[in-house]
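Just so we're aligned, residue 10 is where the sequence shown starts under the working numbering, counting upward by one.
Glycine included, every Cβ here is placed at the ideal spot set by N, Cα and C.
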Amino acid sequence: VVPSYWGLSRSGFRTAMSGAESSLQPKAAYRKESEWPKLIPVVFVSSIIAAQYAIYSFAHLRPMMQQDVAGNQVNVGKQFRGMVEFLVFNCLSFMLVTCYVLAIKVHPGGVPQTPEWQSTVEDGRAPSELPGSIETKRSGERRHCKWCVLYKPDRAHHCRVCRSCILRMDHHCPWIYNCVGFFNYKYFFLLLLYTTLTCNFIWSTMTESVRDAFLTDGPFAHMFLLLFCETLALFLGLLSLVFFCFHIWLMTKAMTTIEFCEKSSKKGGYGISDYCQGWYGNCTAALGNNPIIWLLPIGGPSGSGLYFAAEKRNLMAQERRGSRASKLSARGSKKEPRAAPSQSEPAETEPEVTAPAAEAAPLLPTGGEGSVQ
10 VVPSYWGLSR SGFRTAMSGA ESSLQPKAAY RKESEWPKLI PVVFVSSIIA
60 AQYAIYSFAH LRPMMQQDVA GNQVNVGKQF RGMVEFLVFN CLSFMLVTCY
110 VLAIKVHPGG VPQTPEWQST VEDGRAPSEL PGSIETKRSG ERRHCKWCVL
160 YKPDRAHHCR VCRSCILRMD HHCPWIYNCV GFFNYKYFFL LLLYTTLTCN
210 FIWSTMTESV RDAFLTDGPF AHMFLLLFCE TLALFLGLLS LVFFCFHIWL
260 MTKAMTTIEF CEKSSKKGGY GISDYCQGWY GNCTAALGNN PIIWLLPIGG
310 PSGSGLYFAA EKRNLMAQER RGSRASKLSA RGSKKEPRAA PSQSEPAETE
360 PEVTAPAAEA APLLPTGGEG SVQ
């Protein structure tokens with residue numbers, strides 16, 4: 010019953026409710042660019058990248074090139090090292106910026122707006138009827154999102170910041186102003202890789218320039234910039250290295266950050282994930298099927314992010330059972346020579362069995378000591 014003071018008829022109320030449901034969909038009601046305060050972390054990271062690039066190029070590489078030094082006073086070895094560091098640093102910086110832009114711009118993946126995923130459609134299907142579906146509620150029903158009004162695929166979660174359900178959601182990262190999900194996880198992973206390589210390359214090659222700045226009577230601003238870049242690169246390099254190693258472990262275990270937190274809260278051990286396909290299969294599921302381009306910001310994982318290779322998991326389970334059975338059979342074959350003498354004894358006693366005894370054998374179950382209860 011619709012209250013009369015709303016001034017809506019029953020049909021008008023249904024229209025308003027359908028409009029409210031459609032407004033919950035992320036593509037229709039949410040534009041991330043409109044919330045500019047949340048872009049502050051992205052601007053902060055971009056400024057750090059630009060500052061480190063400028064300081065390393067002008068305060069470290071330019072003096073090593075010795076462009077202002079006369080020809081007979083040029084240190085050829087130092088100049089050659091400067092050229093090598095220039096090439097390596099620009100290649101790493103290019104890969105870092107590319108991965109950072111792709112991690113921001115590539116959508117992590119959302120639940121499709123099709124009838125099979127709309128929770129308002131009563132099609133009468135059970136969760137087990139979904140191909141490859143594993144995760145359900147405790148009651149056995151399909152997981153659904155009350156904000157998006159959609160059923161959740163396996164490994165999908167709702168992000169309140171992005172206001173949508175994200176496929177294979179790892180976590181929401183404010184530094185890229187985006188969720189890390191199925192389609193952009195590779196770019197986030199490579200972002201950690203090239204951040205680690207770039208920062209550690211900066212502080213390890215700038216040590217000589219920082220030492221020379223302290224030993225010589227140069228400008229204070231020059232010495233301060235070198236020391237600032239060295240310290241910042243060292244801190245970020247070690248921090249990103251720890252985070253990168255953590256995500257390597259997660260990828261080889263076929264787990265996301267959310268699944269890791271869920272397993273740690275249950276205190277049941279991490280063990281093997283339900284989506285584990287072996288270390289190589291787990292890497293291809295995150296970085297793509299072609300190992301040649303794993304470290305390049307191109308390509309990506311195959312599939313739609315809605316289903317996660319139930320056939321491969323069943324095949325791997327069969328392989329595990331087969332390996333266990335082979336081990337048991339191998340153990341049994343080692344014990345067969347010990348049981349051989351006992352098998353030869355009945356063969357020697359068979360001629361001793363007479364025909365009357367064989368005829369009386371069926372009478373044993375009826376009574377006596379040989380009866381089976």
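Which of helix, strand or coil DSSP assigns to glutamine 122: Position 113 of the sequence shown, counted from the start, is the residue given in the question as residue 122. If DSSP states are grouped into helix, strand and coil, glutamine 122 belongs with coil.
DSSP state of valine 106, grouped into three classes? Looking up residue 106 in the sequence shown gives position 97. Helix at valine 106.
Nearest candidate by alpha-carbon position, reference proline 306, set Met104, Thr205 and Leu245: Here the question's residue 306 lines up with position 297 in the sequence shown. Comparing Cα positions, the closest option is Met104.
Backbone secondary structure at isoleucine 64 - three-state DSSP: Along the sequence shown, read from residue 1 onward, the residue named residue 64 stands at position 55. Here isoleucine 64 sits in helix by DSSP.
Along the chain, where does the beta strand (DSSP E) that runs through asparagine 187 open and close? Position 178 of the sequence shown, counted from the first residue, corresponds to residue 187. 187-189 is the extent of the beta strand (DSSP E) around asparagine 187.
Measuring alpha carbon to alpha carbon, tell me which residue in Thr265, Cys270 and Gly118 is nearest cysteine 171. Counting from 1 along the sequence shown, the entry for residue 171 is found at position 162. The option with the nearest alpha carbon to cysteine 171 is Gly118.
Going by DSSP, which residues form a beta bridge with isoleucine 175? The count along the sequence shown starts at 1 and reaches residue 175 at position 166. Paired residue(s): Gly119 and His166.
Which residue comes first and which comes last in the alpha helix (DSSP H) that contains threonine 256? Numbered from its first residue, the sequence shown carries residue 256 at position 247. Note that residue 256 is histidine in the sequence shown, not threonine. For histidine 256, the enclosing alpha helix (DSSP H) stretches over residues 229-261.
Does the distance from the CB of glutamine 88 to the CB of glutamine 75 come in under 7 Å? Taking the first residue of the sequence shown as position 1, residue 88 is located at position 79. Taking the first residue of the sequence shown as position 1, residue 75 is located at position 66. Closer than 7 Å, so yes.
With a cut-off of 8 Å on the beta carbons, I'd call threonine 204 and serine 249 a contact; round off their distance for me. Reading the sequence shown from its first residue, position 195 is the one you call residue 204. Reading the sequence shown from its first residue, position 240 is the one you call residue 249. Indeed, because the Cβ distance is near 5 Å, the residues count as touching under 8 Å.
Which residues DSSP lists as bridging leucine 159, in chain order: Taking the sequence shown and counting its residues from 1, one reaches residue 159 at position 150. Beta-bridge pairing links leucine 159 to Gln127 and Cys154.
Rounded separation between alanine 295 and glycine 246 - CA only: Taking the sequence shown and counting its residues from 1, one reaches residue 295 at position 286. Taking the sequence shown and counting its residues from 1, one reaches residue 246 at position 237. Computed Cα separation, rounded: 23 Å.
According to DSSP, is cysteine 182 part of a helix, a strand, or is it coil? Translated into positions along the sequence shown, residue 182 becomes position 173. The answer is strand: DSSP assigns cysteine 182 an E or B state.
Spatial neighbours of alanine 348 within its chain, please: C-beta separation below 8 Å, excluding the five flanking residues on both sides. Mapped onto the sequence shown, residue 348 falls at position 339. Caution applies to alanine 348, whose pLDDT of 47 falls short of 50 and renders its modelled position unreliable; the model cannot decide the point.
Please name the residue, chosen from Thr207, Ala263, Glu125 and Phe198, that lies closest to leucine 243 on a Cα-to-Cα basis. Mapped onto the sequence shown, residue 243 falls at position 234. The shortest Cα separation from leucine 243 among Thr207, Ala263, Glu125 and Phe198 belongs to Thr207.
Buried or exposed (CB count within 10 angstroms, at least 16 for buried), tryptophan 288: Looking up residue 288 in the sequence shown gives position 279. Tryptophan 288 comes out exposed.
Less than 7 Å separating the beta-carbons of serine 128 and histidine 166? Translated into the one-based positions of the sequence shown, residue 128 becomes position 119. Translated into the one-based positions of the sequence shown, residue 166 becomes position 157. No, the Cβ-Cβ distance between serine 128 and histidine 166 is not below 7 Å.
Check this for me: beta carbons of histidine 181 and cysteine 188, under 7 Å apart or not? Locating residue 181 in the sequence shown gives position 172, counting from the first residue. Locating residue 188 in the sequence shown gives position 179, counting from the first residue. Contact: yes.
Within this structure, are the beta carbons of leucine 199 and cysteine 100 separated by less than 7 Å? By one-based count along the sequence shown, residue 199 stands at place 190. By one-based count along the sequence shown, residue 100 stands at place 91. The answer is no: Cβ separation not under 7 Å.
With distances taken between CB atoms, is the gap from asparagine 291 to threonine 261 smaller than 7 Å? Working through the sequence shown from its first residue, we reach residue 291 at position 282. Working through the sequence shown from its first residue, we reach residue 261 at position 252. Yes; because the gap between Cβ atoms is below 7 Å, this pair is in contact.
Applying the 10 Å Cβ sphere with the 16-neighbour rule, what's the burial state of proline 124? Sequence index remark: in the sequence shown, residue 124 carries index 115 (1-based). It is exposed - the Cβ of proline 124 has fewer than 16 other Cβ atoms within 10 Å.
Our contact map puts glutamine 61 next to isoleucine 211 with C-beta atoms below 8 Å; I'd like the distance itself, whole angstroms only. Within the sequence shown, the letter at position 52 stands for residue 61. Within the sequence shown, the letter at position 202 stands for residue 211. The pair is a contact, with the Cβ atoms about 6 Å apart (cut-off 8 Å).
State the Cα-Cα distance for the pair isoleucine 143 and serine 282, rounded to the nearest angstrom. For this step, residue 143 is matched to residue 134 along the sequence shown. For this step, residue 282 is matched to residue 273 along the sequence shown. The alpha-carbon atoms of isoleucine 143 and serine 282 are separated by roughly 12 Å.
I'd like to check one pair, aspartate 179 with tyrosine 196: are the Cβ atoms closer than 7 Å? Here the question's residue 196 lines up with position 187 in the sequence shown. Here the question's residue 179 lines up with position 170 in the sequence shown. For tyrosine 196 and aspartate 179, no; Cβs fall outside 7 Å.
Judging by CA-CA distance, which residue of Val120, Val115, Pro121 and Ser55 is the nearest neighbour of serine 102? Counting from one through the sequence shown, the residue named residue 102 turns up at place 93. Considering only alpha carbons, the answer is Ser55.
Indicate whether isoleucine 301 and glycine 308 have their beta-carbon atoms separated by less than 7 Å. For this step, residue 301 is matched to residue 292 along the sequence shown. For this step, residue 308 is matched to residue 299 along the sequence shown. The answer is no: Cβ separation not under 7 Å.
With tyrosine 194 as the anchor, note down where its alpha helix (DSSP H) starts and where it stops. Taking the sequence shown and counting its residues from 1, the one referred to as residue 194 is at position 185. Element bounds for tyrosine 194: 194-214.
Quick one: using the 10 Å Cβ neighbour count with 16 as the cut-off for buried, is glycine 91 buried or exposed? Position 82 of the sequence shown, counted from the start, is the residue given in the question as residue 91. Burial check for glycine 91: the Cβ neighbour count within 10 Å reaches 16 or more, so the residue is buried.
Less than 7 Å between the C-beta atoms of leucine 241 and serine 218, yes or no? Here the question's residue 241 lines up with position 232 in the sequence shown. Here the question's residue 218 lines up with position 209 in the sequence shown. Not in contact: leucine 241 and serine 218 (Cβ atoms no closer than 7 Å).
Once the 5 residues before and after threonine 265 are set aside, which same chain residues still bring their CB inside 6 Å of it? Counting from one through the sequence shown, the residue named residue 265 turns up at place 256. Asp179.
Tell me which residues share the same chain as valine 83 and place their Cβ nearer than 6 Å to its Cβ, disregarding the 5 neighbours each side in the sequence. One-based indexing of the sequence shown puts residue 83 at position 74. So the list reads Gln75, once near-sequence residues are dropped.
If you count every other CB in all the chains shown that lies within 10 Å of the CB of tryptophan 126, and 16 or more means buried, which is it? Position 117 of the sequence shown holds residue 126. Classification of tryptophan 126: buried, given that the 10 Å Cβ count is 16 or more.
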